[in-house]
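Undergrad:
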Amino acid sequence: MCHTILRRCSFALASLAAAALSACVSFSPQPGPDAQVPGSGNYQVLTTPIVALGDTQEHEPTGWPLYDNDSAVDAYVEVAQRPPEQPLFGRRIMEWALQAHPNENFLHLGDVLDLSCRSEAQRMSRVFNAAGRAGAILPGNHDGLMFGIYGYSIMDDILNRDAQKWNQACRRGASLEEKANKGQNEAFSKRDFIQMYLEGQAAVPSQPGIQLPPARGSHRVSWRNPNAEAFLSGIEAHVLDGYAYADSFLAQRIQLPRAPGATRNVIVIGLDTNQAGPLVSSWDTLMGRSPGSIGHVNLDQVRALTHWVTEAKQKGDLVVFAGHHNWRALGLPSRLLLRSLMSRVDHPLVYLSAHTHRGFWAAHRELDIRPVLELNVSSLSDWPVAYRRVSFAYDEAAKRILVRGELMPHGEDPVESDDELMAAWEGQTCGSLNVPVDAIRAVDGELVRKQRESRGSLVGWLLKRFGPDCEGCDATLYEHAHAYQDAMLDAIMQVKQFVDADTRTLIRAEFPSWCKGASFDECVANLRAEQPKDYAEQVDLFRRKAKLVDLLGGHLDDLTEPRARAYMTCRAVQAAKLDFDATEETRNENRSEAKRRAERFFLTEASVGMD
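Just so we're aligned: the sequence shown equals residues 82 to 692 in our numbering.
1) Determine whether the beta carbon atoms of residue 460 and residue 136 lie at a separation below 9 Å.
2) If residue 268 sits next to residue 197, beta carbons under 8 Å apart, how far is it from one beta carbon to the other, in whole angstroms?
3) With respect to the beta strand (DSSP E) encompassing residue 634, which residues constitute its N-terminal and C-terminal limits?
4) In chain order, what residues of the same chain have a beta carbon less than 7 Å from the beta carbon of residue 249, not counting five sequence neighbours either side?
5) Is residue 576 near the ligand NAD, going by C-beta to nearest heavy atom under 8 Å?
6) For residue 153, count neighbouring Cβ atoms within 10 angstroms of its own Cβ and tell me buried if that reaches 16, exposed if not.
7) Are the beta-carbon atoms belonging to residue 329 and residue 311 less than 9 Å from one another?
8) Output the residue ranges of the alpha helix (DSSP H) runs that lie fully inside the region 495-520 and measure 4 residues or longer, sorted by chain position.
9) Going by the CB atoms, is the gap between residue 455 and residue 467 shorter than 9 Å?
10) Would you check if there are 3 or more beta carbon pairs closer than 8 Å linking the region 404-423 to the region 474-489?
11) Quick check on DSSP: helix, strand or coil for residue 473?
12) Starting from the C-beta of residue 503, find all residues in its chain whose C-beta is less than 8 Å away, skip the five residues before and the five after it, and write them out in chain order.
13) Reducing DSSP to helix, strand and coil, say where residue 557 ends up.
14) Based on the DSSP secondary-structure assignment, which residues constitute the bridge partners of residue 315?
15) Roughly how many angstroms lie between the CA atoms of residue 258 and residue 382, to the nearest whole one?
16) To the nearest angstrom, report how far apart residue 473 and residue 168 are at their CA atoms.
17) Could you check whether the Cβ of residue 122 sits closer than 9 Å to any Cβ belonging to chain B?
18) Quick check on this structure: which residue in 419, 277, 668 and 561 has the alpha carbon closest to the alpha carbon of residue 378?
19) What did DSSP end up calling residue 292 once you bin it into helix, strand or coil?
20) Could you have a look at residue 270 and say whether DSSP puts it in helix, strand or coil?
21) Give the DSSP-derived three-state secondary structure of residue 641 in the structure shown.
22) For residue 207, does the count of other Cβ atoms within 10 angstroms reach 16, so buried, or fall short, so exposed?
23) Roughly how many angstroms lie between the CA atoms of residue 521 and residue 294, to the nearest whole one?
24) Return yes when the Cβ of residue 432 is within less than 9 Å of the Cβ of residue 453, no when it is not.
25) Under the three-state reduction of DSSP, which class applies to residue 128: helix, strand or coil?
26) Is the CB-CB distance between residue 442 and residue 113 below 9 Å?
27) So for residue 442, helix, strand or coil by DSSP?
28) Nearest to residue 437 by CA position, among 405, 448 and 427, is which residue?
29) So, at 7 Å on beta carbons, what are the nonlocal neighbours of residue 533 in its own chain, with the 5 sequence-adjacent residues on each side left out?
30) Based on the DSSP output, what are the partners of residue 688 in its beta bridges?
31) What separation, rounded to the nearest whole angstrom, lies between the Cα atoms of residue 390 and residue 671?
32) According to DSSP, simplified to helix, strand and coil, what is residue 156?
33) To the nearest angstrom, report how far apart residue 133 and residue 599 are at their CA atoms.
34) Quick check on DSSP: helix, strand or coil for residue 392?
35) Does the beta-carbon of residue 595 have 16 or more other beta-carbons within 10 angstroms, so that it is buried, or is it exposed?
36) Roughly how many angstroms separate the alpha carbons of residue 309 and residue 449, rounded to a whole number?
Take a look at the structure:
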């Protein structure tokens, strides 16, 4: 009966999905900043560089499989299901970027997480803490919404099937019967994100006085750092729970480090552009109404942070605005609110952003005669994998701000093409391994190919979302999930092969009882060889593979030798580039080199005036 119903609805749903997803807008490059004349202007350097990065999107790969993770979100956004190297090695890219500049503060422009799981947040917290210096993180749409798209209320997950699935997808490497990794809130809501972030900042000895919100109920946080030279100098936050949690906000005042001889400060107003509003359904998402794709800044947040702008103007400081969503991805009401806020300052306007995964420079003149110069950083999870070193200078007589956005990494000269960007990554990571880069590229190419071939279809997601439930209907989903776990086990085995001297923690791991005393290699091989006879055995085998991936993947973070770090960073970057190259241009979210060049991706500085 189940399959009959599914067959009847498949054509209509597939047709509707095709119509919804084919409503693409042709690419038109955004207007660029004013042309720069080398050496022109009388600029005083105001700040030393900070590391600006975004969209790391740490992913939990070992929870219960979802159609969302298998195919549908990948149809909505191509980058949603990434190569198996990314969940294993991807966080090493951010680690590499932060450790490459040990004396520079950092600003993460959002989307630290992907599925938004507690396990993802814990892994990334470890990387941030190891950086050993002050930094700030702005919330992204993936930081508290499932896949950055679904705003389910996990507080009501007993009655909400979708929220239950979010929790299950975040229960890493554990069956429903196990107590380990099976909390009531493995799904990580916007409130959870703000709570963990405040706890981390409150633990810094030089930042006394941050009052943490209670576990439940509406609560406001207003804090100012008593250290006048501090990087993170203020917080305004409001946390909500229940169905309102997505309207919580975390705004931050960031004071950039002064350059020698600077006569004024530069204050970054770190906005929370993810006040997502009312929760939406899968149907809304299919029709393009996603709470995460469009950014929202509400009046309560603007009112809470306006005093920072007023204070900066009184002191003669420059104010730079920053948020996760790019300017054009902000809803019109939010842009109007921000334009009103920006009108309070009497100098040129600059906005830093992420979200697009492509990176660009643009000048926005709509809504006001004064342009907004936007520097959008690209992603650390998808190609182009890059970050920026950002600093500011000011020509007081001409009333122009110069924004330097050094594209990283690079060699002796700035990178001017994707090939040069890839060569810079290879030179700094793969090149230190005494292993031919072609050999690593071939290994990653095979994993990427298999992963892409094993993905599901949008029709499968539609049938599951809007059709009836039945045991066994997920058999195909589990076949795809097995393939992904197998690919990650292959990648882990390859770490042992390439970096044998530093993999003792992998080999000495305490394996589960069902390994039956087998060695590292034997346990993996036995799991790979096992053939389930029915649906129940298929599910059981998946859970055991997921548990082993979770166990061994966790030990990868214990590999601290420079060679191991370089190897894993290299593989994550290579996989991102290979996956990008295999993606049709119509599905790469306007990330082709030609389109990025049209929006000045390779530009390293730009200036903006008052008109």
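Glycine included, every Cβ here is placed at the ideal spot set by N, Cα and C.
Small disclaimer: the values here were computed from a predicted structure and weren't measured.
TA: Looking at the atomic coordinates:
1) Against a cut-off of 9 Å, the Cβ pair of residue 136 and residue 460 comes out as a contact.
2) At roughly 7 Å, the Cβ-Cβ gap stays under 8 Å, so residue 268 and residue 197 are in contact.
3) DSSP places residue 634 in no beta strand (DSSP E) but in the uninterrupted alpha helix (DSSP H) bounded by 616-637.
4) Within the same chain, Cβ atoms closer than 7 Å to the Cβ of residue 249 are found at 144 and 145, the five residues on either side in sequence being excluded.
5) In the structure on display, the ligand NAD does not appear, and there are no ligands present to speak of.
6) Below a pLDDT of 50, predicted positions are generally treated as unreliable, and residue 153, at 43, falls in that range; the measurement from the model is reported next regardless. That one is buried.
7) Judged by beta-carbon spacing, residue 311 lies beyond the 9 Å limit of residue 329, meaning their Cβ atoms are not closer than that value.
8) Within the region 495-520, the runs of alpha helix (DSSP H) that reach at least 4 residues and sit entirely inside it are, in chain order, 499-509.
9) No, these two residues do not count as a Cβ contact at 9 Å.
10) They do not touch, by the three-pair rule.
11) For residue 473, the three-state secondary structure derived from DSSP is strand.
12) Cβ neighbours of residue 503 beyond the five flanking positions: 654 and 658.
13) Looking at residue 557 - three-state DSSP - the assignment turns out to be helix.
14) Answer is 305 and 334.
15) Annotation note: pLDDT 48 at residue 258 (below 50); position unreliable, coordinate value reported separately. One C-alpha to the other measures close to 42 Å.
16) Straight-line Cα distance between these residues: approximately 35 Å.
17) Judged by its chain identifiers, the structure shown contains no chain B, having just a single protein chain.
18) Closest by alpha carbon: 419.
19) For residue 292, the secondary structure class from DSSP, reduced to helix, strand or coil, is coil.
20) Coil.
21) Correct three-state label for residue 641: coil.
22) By the Cβ-count criterion, residue 207 is exposed, with fewer than 16 other Cβ atoms from all chains shown falling within 10 Å of its own Cβ.
23) Roughly 47 Å between the two C-alpha positions.
24) In contact: residue 453 and residue 432 (Cβ atoms closer than 9 Å).
25) For residue 128, the secondary structure class from DSSP, reduced to helix, strand or coil, is strand.
26) For residue 442 and residue 113, yes; Cβs fall inside 9 Å.
27) It is a strand residue.
28) If we check each option's Cα against that of residue 437, 405 comes out closest.
29) 663.
30) The beta-bridge partner set that DSSP reports for residue 688 consists of 483.
31) Going by the C-alpha atoms only, they are around 35 Å apart.
32) Unreliable placement is indicated for residue 156, whose pLDDT of 43 sits below 50; no coordinate value is reported for it.
33) The alpha-carbon separation between residue 133 and residue 599 amounts to approximately 45 Å.
34) Helix.
35) Exposed, by the Cβ-count rule.
36) Each residue's alpha carbon lies about 34 Å from the other.
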